[in-house]
Each structure stands twice: as structure tokens, then as C-alpha cells.
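Quick note, the sequence shown lines up with residues 0 to 114 if you use numbering that gives the first Met the number 0. All residues carry an ideal CB built from backbone N, CA and C; glycine is no exception. Let me begin by presenting the structure, written as C-alpha cells, before commenting on it.
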Amino acid sequence: MTPTNQSRVTVPIEWIRTVAERLGKQFHAERVILYGSQAYGQPREDSDVDLLVVTPLPPPRLEAWRLTRPLREEAGFALQIVFMSTTEFEETKDVVGGLAYPAHRWGSIVYAAQR
0 MTPTNQSRVT
10 VPIEWIRTVA
20 ERLGKQFHAE
30 RVILYGSQAY
40 GQPREDSDVD
50 LLVVTPLPPP
60 RLEAWRLTRP
70 LREEAGFALQ
80 IVFMSTTEFE
90 ETKDVVGGLA
100 YPAHRWGSIV
110 YAAQR
């Protein structure tokens with residue numbers, strides 16, 4: 000049974016962009032993509048902010064968790080941060096079922112490196 004009266008809690012895009020910019024600069028990302036319910040305009044009260052950090056050399060998972068901990072604690076909202084190499088993103092962005100697909104197809108770029 001689906002609740003019909005779910006609260007919608009949208010995190011302000013300015014806050015998300017601030018977090019994305021910090022991630023982008025810290026990890027030399029090519030781009031940071033907002034995906035998931037916040038990007039699609041369908042957040043619920045318990046929704047987090049899903050960010051895909053596309054970078055040439057993503058950190059190993061445990062190191063990424065450790066390095067992003069201060070940012071996640073300071074953000075003031077729940078964050079899920081996933082790293083993906085630029086190569087993997089480009090190779091899988093059109094593969095249905097992978098993480099890159101919905102991020103590429105329906106996500107929103109909230110940080111892009113200045114070239």
C-alpha cells in the first residue's frame with residue numbers, strides 16, 4: 000500500500016550545487032551529476048541527495064567514504080556520493096540497468112569543471 004500523503008522535501012538546488020562544487024574541486028571531477036528523486040522532482044521526506052562524481056581517477060570506495068565524511072556531516076541533509084571513472088561513465092551511460100544510465104538520461108549536471 001502506498002501512502003497518499005507523503006511529504007515532499009526538496010533540498011534547495013543552491014545547497015546541492017555548493018556540495019557538488021566542493022566535491023568537484025576536491026576530487027578533480029569532470030562533472031557531478033544529481034540523480035534520483037531530488038533530480039526528478041519526486042523527493043519524499045526520507046529522500047537523500049544522490050550525487051555521481053565523474054572523475055578520471057576515482058578513489059577506492061573506503062577512501063572515498065573517509066574523505067567525504069566531513070562534507071556529509073556538514074551538509075545538513077542526507078547525501079549519497081558515488082564515484083565513477085570517466086571511462087566507465089562514457090562506456091556505460093547508454094546501458095540500461097547501470098548507474099550511469101539514469102544519471103546521464105534524467106540527471107542534472109550540478110558541477111562541471113572549467114576547461
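Close beta carbons around residue i, own chain, < 8 Å, minus the five adjacent residues each side
| i | result |
| --- | --- |
| residue 39 | 105 |
| residue 76 | 10, 14, 47, 48 |
| residue 21 | 70 |
| residue 87 | 99 |
| residue 97 | 91 |
Nearest-angstrom beta carbon gap, residue j and residue i [assumed within contact, 8 Å]
| i | j | result |
| --- | --- | --- |
| residue 102 | residue 32 | 5 Å |
| residue 51 | residue 18 | In fact, because the Cβ distance is near 13 Å, the residues do not count as touching under 8 Å. |
| residue 55 | residue 84 | 7 Å |
| residue 23 | residue 112 | 6 Å |
Residues sharing a beta bridge with residue i, DSSP
| i | result |
| --- | --- |
| residue 54 | 84 |
| residue 46 | Paired residues: none, contrary to the question. |
| residue 12 | Note: residue 12 sits in no beta bridge, so no partner. |
| residue 79 | 49 |
| residue 30 | 53, 111 |
Helix, strand or coil at residue i [DSSP, three-state]
| i | result |
| --- | --- |
| residue 18 | helix |
| residue 61 | helix |
| residue 118 | Within the shown structure, residues of the chain are numbered from 0 to 114, placing residue 118 beyond reach of any answer. |
| residue 98 | coil |
| residue 114 | coil |
| residue 24 | helix |
Straight-line gap, residue i to residue j (C-alpha atoms, nearest Å)
| i | j | result |
| --- | --- | --- |
| residue 48 | residue 65 | 18 Å |
| residue 110 | residue 59 | 21 Å |
| residue 37 | residue 53 | 19 Å |
| residue 72 | residue 78 | 9 Å |
| residue 29 | residue 45 | 29 Å |
| residue 63 | residue 114 | 24 Å |
Contacting residues, own chain, Cβ-Cβ under 6 Å from residue i (five flanking each side not counted)
| i | result |
| --- | --- |
| residue 67 | 80 |
| residue 107 | 33, 38 |
Cut-off 7 Å between Cβ atoms - residues of its own chain near residue i, not counting five sequence neighbours on either side
| i | result |
| --- | --- |
| residue 90 | none |
| residue 92 | 99, 100, 103 |
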